[in-house]
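Data block below; observations after.
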Amino acid sequence: MTLKYKIKEQDFLDFQLFNASKSERINKQKKKGWILMTVGSVLAAFYFYLNQNIALTLYLGLIAITSGFFYPKYFKWSHKKQYKTFIHENYSKRFGQMETIEIKEDSIFSKDKAGELKIYISEIEKIDETQNHFFLKISTGLSLIIPKNEINNSNELRQKFKSMGLTLNNETNWK
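Every number in my numbering is 3 more than the matching position in the sequence shown, counting from 1.
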């Protein structure tokens with residue numbers, strides 16, 4: 004089975020955001036920041052309340068409520084912005100370039116503008132399927148991004164992976 008497709012900036016961004024959403028370290032960082040910001044504001048508001056400084060008490064109380072509700076959205080927005088900058092700086096020369104993947108029974112052969120790569124099936128750690136992509140994680144830390152909108156039949160690819168004994172993690176509800 005041979006696939007030819009082009010990678011876009013959004014494909015790289017989706018890959019980075021997907022990995023970040025599954026990262027225990029990043030999720031802990033988000034939770035820690037959320038708690039520190041909210042609890043810190045509450046404690047500071049309480050301190051100023053005890054000192055009868057109503058203006059700062061109300062101000063910090065408002066900050067505590069706002070951070071309690073909106074910190075997770077801010078965290079996601081901030082990380083998305085950082086990933087966009089990183090992707091543009093490091094991968095912009097790959098945007099729109101034709102990539103070819105040939106899937107054989109024992110290996111996957113990948114070819115792009117920079118060169119060629121042969122990946123043994125036994126080295127594929129996992130395949131995550133999202134609504135728009137297949138993300139293949141290789142044991143060396145490398146990953147392949149296959150955008151579904153660039154291939155003719157994603158069902159055929161899914162069946163090919165299954166016939167090779169590979170397990171697909173269904174993450175189609177991720178976004």
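Cβ atoms here follow ideal geometry from the backbone N, Cα and C, with glycine treated the same way.
Handout entry: Three-way DSSP call (helix, strand, coil) for residue 107 in this model
Key = coil
Handout entry: N-terminal and C-terminal residue of the beta strand (DSSP E) that residue 146 is part of
Key = Its beta strand (DSSP E) spans residues 146-150.
Problem - residue 122: first and last residue of the uninterrupted beta strand (DSSP E) it sits in - result: 118-123
Practice task
Please state whether DSSP places residue 27 in a helix, a strand or coil.
Solution key: Three-state result, residue 27: helix.
Exercise for the section: Determine the burial state of residue 38: buried for a count of at least 16 other Cβ atoms within 10 Å of its Cβ, exposed for fewer. Expected result: exposed
Practice task
Using three-state DSSP, classify residue 113 as helix, strand or coil.
Solution key: strand
Practice task
Pull up the distance between the alpha-carbon of residue 77 and that of residue 34, whole angstroms please.
Solution key: 12 Å
Exercise for the section: Note down the Cα distance separating residue 126 from residue 141, rounded to an integer number of angstroms. Expected result: 6 Å
Practice task
Would you mind working out which of 55, 63 and 40 sits nearest residue 48, comparing C-alpha positions?
Solution key: 63
Exercise for the section: Using alpha carbons as the reference points, say which of 60, 74 and 147 lies closest to residue 129. Expected result: 147
Handout entry: Cβ distance (whole Å) where residue 90 is taken to contact residue 15 below 8 Å
Key = The C-beta separation of residue 90 from residue 15 comes to about 5 Å, placing the pair in contact by the 8 Å criterion.
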